[in-house]
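Read the structure below first, then the notes.
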Amino acid sequence: MAGAYSTLTDLTDYMDFQSLLRAEEGMVRQAAREFVNAEVLPIIEGHAQAMTFPRELIAKMGGLGFYGPTLPETYGCAGLSSVAYGLLMYELERGDSGLRSFASVQGSLVMWPIFAYGSEAQKQRWLPAMARGEKIGCFGLTEPDFGSNPAGMLTRAVKEGGKWRINGTKMWITNGSVADVALVWAKTEEGIRGFLVERGTPGFSAPEMKGKWSLRASVTSELVLEDVLVDEEASLLPGVKGLKGPLSCLTQARFGIAWGVLGAADACYQCALDYALHRVQFDKPIAGTQLQQQKLAWMVTELTKGQLLALQLGRLKDQGRATPAQVSMAKMNNVHSALEICRKARTILGANGILDEYPVMRHMANLESVYTYEGTHDMHTLIVGEEVTGLSAYR
Amino acid sequence: MKILVALKQVPDTETKVKVAPDGKSLDPTDVKWITGPYDEYALEEAIRIKEAGGAEVVALTVGDDRAKEVLRNALALGADSAVLLKGQPSDDPLAVAKMVASFLEGKGFDLVLLGNKGIGGDNAAVGPMLAEILGWGHANVVVKLEVKDGAFLADRETEGGLERVAGPLPAVVTAQKGLNEPRYASLKGIMAAKKKTIEELDGAGAPAVLSNAALALPPARPDGRKIEGDPATQARALLQLLKDEAKVF
Ligand SMILES: Cc1cc2nc3c(=O)[nH]c(=O)nc-3n(C[C@H](O)[C@H](O)[C@H](O)COP(=O)(O)OP(=O)(O)OC[C@H]3O[C@@H](n4cnc5c(N)ncnc54)[C@H](O)[C@@H]3O)c2cc1C
Chain A
3 MAGAYSTLTD LTDYMDFQSL LRAEEGMVRQ AAREFVNAEV LPIIEGHAQA
53 MTFPRELIAK MGGLGFYGPT LPETYGCAGL SSVAYGLLMY ELERGDSGLR
103 SFASVQGSLV MWPIFAYGSE AQKQRWLPAM ARGEKIGCFG LTEPDFGSNP
153 AGMLTRAVKE GGKWRINGTK MWITNGSVAD VALVWAKTEE GIRGFLVERG
203 TPGFSAPEMK GKWSLRASVT SELVLEDVLV DEEASLLPGV KGLKGPLSCL
253 TQARFGIAWG VLGAADACYQ CALDYALHRV QFDKPIAGTQ LQQQKLAWMV
303 TELTKGQLLA LQLGRLKDQG RATPAQVSMA KMNNVHSALE ICRKARTILG
353 ANGILDEYPV MRHMANLESV YTYEGTHDMH TLIVGEEVTG LSAYR
Chain B
8 MKILVALKQV PDTETKVKVA PDGKSLDPTD VKWITGPYDE YALEEAIRIK
58 EAGGAEVVAL TVGDDRAKEV LRNALALGAD SAVLLKGQPS DDPLAVAKMV
108 ASFLEGKGFD LVLLGNKGIG GDNAAVGPML AEILGWGHAN VVVKLEVKDG
158 AFLADRETEG GLERVAGPLP AVVTAQKGLN EPRYASLKGI MAAKKKTIEE
208 LDGAGAPAVL SNAALALPPA RPDGRKIEGD PATQARALLQ LLKDEAKVF
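So the protein lines, in turn, are chains A and B.
Here our numbering is used: the first residue of the first sequence is 3, the next is one more, and so on.
Here our numbering is used: the first residue of the second sequence is 8, the next is one more, and so on.
As structure tokens, then:
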């Protein structure tokens, strides 16, 4: 409930980066924060333990406009700035990376490409319903044998009259088993192309992957496509050919990740700070010891640097000036810092750090996935390396 | 139907309140400001009336530039327009009620909704005073409201029960927890609010006759005591203390 007595502590803001926000950007963050405090925090540990996705939140988040919020109002979206979108991701991931992943995939990896590369009919069909959360999407790029190198993908689509026949297997696909539509990237004679494959299409299935120790409150699936026949007009995204298609979507989502992980880090930092102030050993709070202060000072410094990096990236993005390599730097740096912040928080909490009574271990484990997905930390390092040297070290 | 919702900006209930060096006001550093929680019920009710049957909802607050946040939030939640009555949100509820009353004059409002109290001051006075000044009917601490055919029907919380009061419009109604579940601002609402302007009017002309002379925090709670011994001894000691010291039996 948004009314009386909702918990309204605030985010960590050492350098007052919020003074650089526009009024409505702050309001978006506040709205998301209240939602997360009231609807997510009370239930999330249970879902993570049970390895279930909080499906009850899908429609609620849609009602508030959390999916594809930077897209225009004509498609039922809110038309937010990139920075406001980033702040939304920050607050959602303060709740859980799984929830942020859901929104990232829905908004940046499915709605955004339909908006950017889809036909008008495809946009009308999917965007308003996805914005409301009535339809769910997933993004199928990674394959069992092709992760960092998606250009090598084996999934094939062959044109047969007005239809396309798709064969292949995708793996590690967030939302796969709950999705109404999968954006499947497949190789064709004319390069990699994107296809919208609806749930229930003969030959298409999406079995859930089990046994994760990370992102447990998120659905991860395989996509199996055996002689799946789709109609060209409804399915093929006409506006893009080549690897640029999926990579441009990832640039959108990575931007949100660079913001989002700071929310998880903030939750862990605040938890550790509070714990350190109250945990007494050798007759004094452990926060008064040099070693723990070194950790806390490092944590808040990295968090602050990450916020300023993400903010400037957002401003560049809104001016149409952000480059993919800049987004790589922010994803690489912020996920790395966030994971380290969570790990340090874990140590400050001692044994309590491993319990689900505190959010720390859950966030820490979640970020291990975030470190790897949407381009591993190493790959983004190599992209930044290539950018500054002009030499590719990975191809 | 024209509804005015009068909102107050108050310190977040989570804020650790500190007294300023003057000894009579709140130290504003580190205070996070929010819309009064009871005012949120008032606003939600106005928006529901608008959604159900159509109404124009005007949000109003008395305060300075900082209080505009409350109005922007009200616009994001669905108020049609917003008015800032510029002036010090004074400690004197009568001064505030007079300012609101003079704003209302001649504007044809049918209903004024407010929280039954602001948090902090807890005077619970602006609503009733406003009704008195205007000569309108009034129901306070309302947990259920119906507005129809120029009249209202309100359930109000009373000691140990409910009281249903009926009266003609225009009227003043103050909201109590339970009246409704306030919604969250949607992102579309926030963006739509950006396009609406906040009208700023001079709220002067109602001098305060009351002012705070001193503000004090409740005394710090003494440290807890630990009762030692086996369970039976502990239970006996506790019972003794409850009888002799706490005098609950
Ligand atoms: C929970 C979860 C959800 C996911 N959701 C999705 C999704 O929705 N859609 C989707 O398409 N994918 C998704 N992924 C897949 C993710 O994007 C891939 O796991 C990621 O791209 C890395 O691929 P890989 O796991 O095959 O690792 P690999 O590419 O095999 O990499 C293994 C290691 O080798 C390193 N490495 C690889 N190449 C080089 C090189 N040239 N030089 C130096 N080091 C190198 C990597 O950095 C890494 O450390 C998800 C993954 C997870 C864990």
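Ideal Cβ positions, reconstructed from N, Cα and C, are used throughout, including at glycine.
C-alpha gap between residue i and residue j, whole angstroms
{"i": "Asn354 (chain A)", "j": "Met363 (chain A)", "result": "9 Å"}
{"i": "Ile140 (chain B)", "j": "Ala158 (chain B)", "result": "20 Å"}
{"i": "Asp380 (chain A)", "j": "Tyr396 (chain A)", "result": "10 Å"}
{"i": "Cys270 (chain A)", "j": "Glu370 (chain A)", "result": "15 Å"}
{"i": "Met3 (chain A)", "j": "Ala181 (chain A)", "result": "With a pLDDT of 32 at Met3 (chain A), under the threshold of 50, the modelled position of that residue is not reliable, and no figure is offered here."}
{"i": "Val242 (chain A)", "j": "Phe197 (chain A)", "result": "11 Å"}
{"i": "Ala192 (chain B)", "j": "Glu58 (chain B)", "result": "15 Å"}
{"i": "Pro177 (chain B)", "j": "Phe19 (chain A)", "result": "46 Å"}
{"i": "Leu169 (chain B)", "j": "Thr253 (chain A)", "result": "58 Å"}
{"i": "Gly163 (chain A)", "j": "Leu231 (chain A)", "result": "11 Å"}
{"i": "Asp229 (chain A)", "j": "Asn169 (chain A)", "result": "5 Å"}
{"i": "Pro175 (chain B)", "j": "Ile10 (chain B)", "result": "14 Å"}
{"i": "Lys93 (chain B)", "j": "Ala215 (chain B)", "result": "14 Å"}
{"i": "Ala1 (chain A)", "j": "Leu59 (chain A)", "result": "Residue 1 (chain A) cannot be examined here, being either before or after the span of chain A that is shown, 3 to 397."}
{"i": "Ile126 (chain B)", "j": "Gln295 (chain A)", "result": "37 Å"}
{"i": "Met53 (chain A)", "j": "Ser220 (chain A)", "result": "8 Å"}
{"i": "Pro100 (chain B)", "j": "Phe110 (chain B)", "result": "15 Å"}
{"i": "Thr157 (chain A)", "j": "Gln321 (chain A)", "result": "36 Å"}
{"i": "Thr391 (chain A)", "j": "Ile175 (chain A)", "result": "33 Å"}
{"i": "Arg96 (chain A)", "j": "Asp12 (chain A)", "result": "11 Å"}
{"i": "Tyr48 (chain B)", "j": "Ala40 (chain A)", "result": "17 Å"}
{"i": "Asp209 (chain B)", "j": "Glu252 (chain B)", "result": "55 Å"}
{"i": "Glu235 (chain A)", "j": "Glu122 (chain A)", "result": "11 Å"}
{"i": "Gly135 (chain A)", "j": "Thr240 (chain B)", "result": "59 Å"}
{"i": "Ser32 (chain B)", "j": "Ala74 (chain B)", "result": "17 Å"}
{"i": "Thr14 (chain A)", "j": "Gly308 (chain A)", "result": "12 Å"}
{"i": "Val112 (chain A)", "j": "Cys140 (chain A)", "result": "6 Å"}
{"i": "Asp19 (chain B)", "j": "His145 (chain B)", "result": "28 Å"}
{"i": "Leu94 (chain A)", "j": "Gln32 (chain A)", "result": "11 Å"}
{"i": "Asp262 (chain B)", "j": "Arg57 (chain A)", "result": "Because residue 262 (chain B) is not part of the residues shown, which for chain B are 8 to 256, the question remains open."}
{"i": "Ile54 (chain B)", "j": "Pro209 (chain A)", "result": "44 Å"}
{"i": "Gly142 (chain A)", "j": "Ala188 (chain A)", "result": "9 Å"}
{"i": "Gly134 (chain B)", "j": "Leu239 (chain A)", "result": "59 Å"}
{"i": "Leu186 (chain B)", "j": "Val172 (chain B)", "result": "15 Å"}
{"i": "Thr383 (chain A)", "j": "Phe257 (chain A)", "result": "16 Å"}
Residues that residue i bridges to, as DSSP identifies them
{"i": "Ile194 (chain A)", "result": "A:Lys189"}
{"i": "Gln16 (chain B)", "result": "B:Thr42"}
{"i": "Thr165 (chain B)", "result": "B:Gly168"}
{"i": "Pro175 (chain B)", "result": "B:Ala158"}
{"i": "Val263 (chain A)", "result": "Note: Val263 (chain A) sits in no beta bridge, so no partner."}
{"i": "Gln283 (chain A)", "result": "A:Lys286"}
{"i": "Val64 (chain B)", "result": "B:Ile10"}
{"i": "Asp233 (chain A)", "result": "A:Lys165"}
{"i": "Ser88 (chain B)", "result": "B:Val65"}
{"i": "Thr171 (chain A)", "result": "A:Val226"}
{"i": "His49 (chain A)", "result": "DSSP output for His49 (chain A) lists no bridge partner at all."}
Exposure label - residue i; buried when at least 16 CB within 10 Å
{"i": "Tyr16 (chain A)", "result": "exposed"}
{"i": "Ala86 (chain A)", "result": "buried"}
{"i": "Phe68 (chain A)", "result": "buried"}
{"i": "Leu217 (chain B)", "result": "exposed"}
{"i": "Thr181 (chain B)", "result": "buried"}
{"i": "Gln16 (chain B)", "result": "buried"}
{"i": "Gly178 (chain A)", "result": "buried"}
{"i": "Pro28 (chain B)", "result": "exposed"}
{"i": "Ile288 (chain A)", "result": "buried"}
CB contact check: residue i to chain E, cutoff 8 Å
{"i": "Ser88 (chain B)", "result": "As a matter of chain content, chain E is missing from the structure shown, whose protein chains are A and B."}
Whole-Å CB distance - residue i paired with residue j, under 8 Å assumed
{"i": "Gln183 (chain B)", "j": "Val154 (chain B)", "result": "That belief does not hold up - the Cβ atoms of Gln183 (chain B) and Val154 (chain B) are roughly 17 Å apart, past 8 Å."}
{"i": "Ala138 (chain B)", "j": "Lys151 (chain B)", "result": "Their Cβ separation, rounded to whole angstroms, is 19 Å, which puts Ala138 (chain B) and Lys151 (chain B) out of contact at 8 Å."}
{"i": "Leu298 (chain A)", "j": "Ala274 (chain A)", "result": "7 Å"}
{"i": "Asn6 (chain B)", "j": "Asn123 (chain B)", "result": "Absent from the structure is residue 6 (chain B), since the part of chain B shown begins at 8 and ends at 256."}
Open item on the list: For the stretch 18 to 30 of chain A, list every residue whose C-beta sits within 8 Å of some C-beta in chain B, in sequence order.
Closed with: Ala25, Glu26, Met29 and Val30
Task: Interfacial residues, the stretch 87 to 107 of chain A to chain B, with Cβ spacing under 7 Å - done: none
- [ ] For the stretch 46 to 77 of chain A, enumerate the residues whose C-beta is nearer than 8 Å to any C-beta of chain B, in chain order.
- [x] Gly65, Leu66, Gly67, Phe68, Pro71 and Glu75
Task: Within 8 Å of chain A by C-beta, residues of the stretch 42 to 70 of chain B in sequence order - done: Pro44, Tyr45, Glu47, Tyr48 and Glu51
Open item on the list: Which residues of the stretch 159 to 189 of chain B have a Cβ closer than 7 Å to any Cβ of chain A? Give them in chain order.
Closed with: Lys184, Glu188 and Pro189
Open item on the list: Residues of the stretch 115 to 147 of chain A in Cβ contact with chain B at a cutoff of 7 Å, in chain order, please.
Closed with: none
Task: Members of the stretch 256 to 279 of chain A that neighbour chain B once the beta carbon cut-off is set at 8 Å - done: none
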